[in-house]
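Residue numbering for the sequence shown follows my numbering, starting at 10 and increasing by one per position. The structure appears below as structure tokens.
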Amino acid sequence: MMKLKQLTSYRSAVTFSSRLLLNQQDKLLLPATIPARLTSNRFLDFYQLGNKDAIEKERARLKDEMNRGYFADMAELKEHGGKIATANKIIIPAMAAVKFPQLEVNSSSGKSFKLPITTFGCESESVKADTPKATLMCLSFRATSQVMTDSWSAPFVETFKDSNKVRLYEISFIESWLLSLTPIKKLLLLMLKKSKPQENGVLHKQIAYAFGDHYYFRKELKILNLLTGYMFLVDKLGRIRWQGFGLATPDELSSLLSCASLLLEEEE
């Protein structure tokens with residue numbers, strides 16, 4: 010009964026915060042029957058309600074998420090199967106590449122670490138020697154994208170299985186506020202923990218989980234459709250040198266493997 014009351018209070022706070030932000034100037038109120046994307050069930054802290062900049066920022070976020078919902082994602086998925094764009098055919102030049110946003114993740118053992126692992130700002134030669142030259146980051150926000158990430162990761166592991174300068178991370182995003190609570194998160198990670206699969210070679214697929222709100226992370230990478238998979242090939246300085254989406258095609262796989270091989274040869 011106590012948990013039910015807490016949940017009811019939380020939902021009331023969410024409703025109050027959303028209406029306050031949208032009603033102050035824009036007069037934009039959505040009926041409860043219209044589904045909107047509020048994946049993290051997040052709301053503005055009450056102590057920030059007097060902060061004009063915080064309110065403007067939150068209002069912009071609410072508009073953005075309400076304009077793009079589950080049904081829009083599903084319609085897009087049916088249209089092209091998650092292939093929102095074709096993968097890069099050639100490697101992105103280092104001078105034109107942008108940094109992959111730093112992301113805190115958890116392994117199934119509960120260990121917390123940050124990705125990507127880079128040499129940026131590092132002076133230790135031993136650390137530099139252990140830093141991968143190429144890292145494939147496979148991002149998944151919904152279970153529907155798992156088969157998509159597998160279409161990239163399996164051939165990648167097979168090709169570079171004997172290289173100690175390559176890494177592969179499959180990252181699942183869990184944005185639910187409830188599942189991100191520390192006790193529940195620990196229990197969930199315990200449930201997700203699996204026996205290590207038998208893999209040959211040096212390169213192994215590493216599974217990681219990102220908990221909490223990642224709206225601004227998604228915004229920075231221009232991630233809109235949460236039902237598809239996103240692949241990013243990152244160099245040793247954390248720069249995105251290639252990217253792909255949805256299911257891999259033979260030509261796109263060839264470009265990924267070629268770009269990763271080029272990163273292994275870079276002396277920079």
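Heads up, the beta-carbon is just placed ideally off N, CA and C, and yes, glycines get one too.
Measuring CA to CA, which of I93, V243, F182, K194 is closest to R227? By 1-based counting over the sequence shown, the position of residue 227 is 218. Residue F182 is the option with its Cα nearest to R227.
Where do the ends of the alpha helix (DSSP H) carrying L148 lie? Taking the first residue of the sequence shown as 1, we reach residue 148 at position 139. Run containing L148: none in the alpha helix (DSSP H); it sits in the beta strand (DSSP E), 143-149.
Would you grab the beta carbon distance between I126 and R250 for me? Rounded to a whole angstrom, and I think it's under 8 Å. On the sequence shown, position 117 is the one that residue 126 refers to. On the sequence shown, position 241 is the one that residue 250 refers to. Not really, about 15 Å apart at Cβ, beyond 8 Å.
Leaving out five residues on either side along the sequence, give the residues of the same chain with a beta carbon under 6 Å from the beta carbon of T153. By one-based count along the sequence shown, residue 153 stands at place 144. Take T153, set aside five residues on each side of it, and the residues of its chain with a beta-carbon closer than 6 Å to its own are L236, in chain order.
Less than 8 Å separating the beta-carbons of L265 and A143? Against the sequence shown, residue 265 aligns to sequence position 256. Against the sequence shown, residue 143 aligns to sequence position 134. Note that the C-beta distance between L265 and A143 is not below 8 Å.
If we ignore side chains and look at the alpha-carbon of each, how far apart do S118 and I216 end up? The residue labelled residue 118 in the question sits at position 109 within the sequence shown. The residue labelled residue 216 in the question sits at position 207 within the sequence shown. Those two C-alpha atoms are separated by around 10 Å.
Tell me, to the nearest whole angstrom, how far the beta carbon of L148 is from that of Y225; I am working on the premise that it is less than 8 Å. Here residue 148 refers to the residue found at position 139 of the sequence shown. Here residue 225 refers to the residue found at position 216 of the sequence shown. A Cβ-Cβ separation of about 15 Å leaves L148 out of contact with Y225 under the 8 Å criterion.
Just curious, the alpha helix (DSSP H) that F165 is in, first and last residue? Looking up residue 165 in the sequence shown gives position 156. Residues 155-168.
S189 beta carbon less than 8 Å from that of F150: Taking the sequence shown and counting its residues from 1, the one referred to as residue 150 is at position 141. Taking the sequence shown and counting its residues from 1, the one referred to as residue 189 is at position 180. No.
Cα-Cα, which of K194, I180, E179 is closest to W186? The residue given as residue 186 occupies position 177 in the sequence shown. Ranking the options by Cα distance to W186, first place goes to K194.
Where does S263 fall in DSSP's three states? Translated into positions along the sequence shown, residue 263 becomes position 254. S263: helix per DSSP, three-state reduction.
8 Å contact criterion, which M157 and V243 should meet: CB distance rounded: As a first step, residue 157 is located in the sequence shown; it is residue number 148 there, counting from the start. As a first step, residue 243 is located in the sequence shown; it is residue number 234 there, counting from the start. The distance from the Cβ of M157 to that of V243 is about 19 Å, inconsistent with a contact at the 8 Å cut-off.
For P164, which residues in the same chain have their Cβ closer than 6 Å to its Cβ, ignoring the five residues on either side in sequence? Locating residue 164 in the sequence shown gives position 155, counting from the first residue. Excluding residues up to 5 positions away in sequence, L262 lie with their Cβ nearer than 6 Å to the Cβ of P164 in the same chain.
Assigned secondary structure, E179 (DSSP; H/G/I helix, E/B strand, else coil): The residue labelled residue 179 in the question sits at position 170 within the sequence shown. In the three-state scheme derived from DSSP, where H, G and I count as helix and E and B as strand, E179 is classed as strand.
I'd like the span of the alpha helix (DSSP H) that includes L199, first residue to last. Against the sequence shown, residue 199 aligns to sequence position 190. From DSSP, the alpha helix (DSSP H) with L199 extends over 191-201.
For K214, the first and last residue of its enclosing beta strand (DSSP E): What you label residue 214 is simply residue 205 of the sequence shown in a count that begins at 1. Taken as a continuous stretch (DSSP letters only), the beta strand (DSSP E) holding K214 covers 214-220.
First through last residue of the beta strand (DSSP E) which encompasses F122: On the sequence shown, residue 122 is found 113 positions in, with the first residue counted as 1. 121-124 is the span of the beta strand (DSSP E), which, as asked, contains F122.
What does a CB cutoff of less than 7 Å around K202 pick up in its chain, not counting 5 residues either side in sequence? To locate residue 202, count along the sequence shown from 1; it is residue 193. Once the five neighbours on either side are set aside, the close Cβ partners of K202 are S117, S118.
Please classify H89 as buried or exposed, where buried requires at least 16 neighbouring CB atoms within 10 angstroms. Position 80 of the sequence shown holds residue 89. Exposed is the call here.
Checking 8 Å against the spacing of the C-beta atoms, do A257 and W161 come in under that value? Looking up residue 257 in the sequence shown gives position 248. Looking up residue 161 in the sequence shown gives position 152. Their beta carbons are under 8 Å apart, which means A257 touches W161 by this criterion.
Use the C-beta contact count for F140: other C-beta atoms within 10 angstroms, 16 or more gives buried, fewer gives exposed. As a first step, residue 140 must be located in the sequence shown, where it is residue number 131. A small fix is needed here, since residue 140 is Thr in this sequence, not Phe. By the 10 Å Cβ count, T140 comes out buried.
Might you give, ordered along the chain, the residues of its own chain that have their beta carbon closer than 7 Å to the beta carbon of N115, omitting 5 neighbours on each side? To locate residue 115, count along the sequence shown from 1; it is residue 106. Around N115, the same chain offers S121, L198, A217, Y218, F220 as residues with beta carbons nearer than 7 Å, after the five sequence neighbours per side are excluded.
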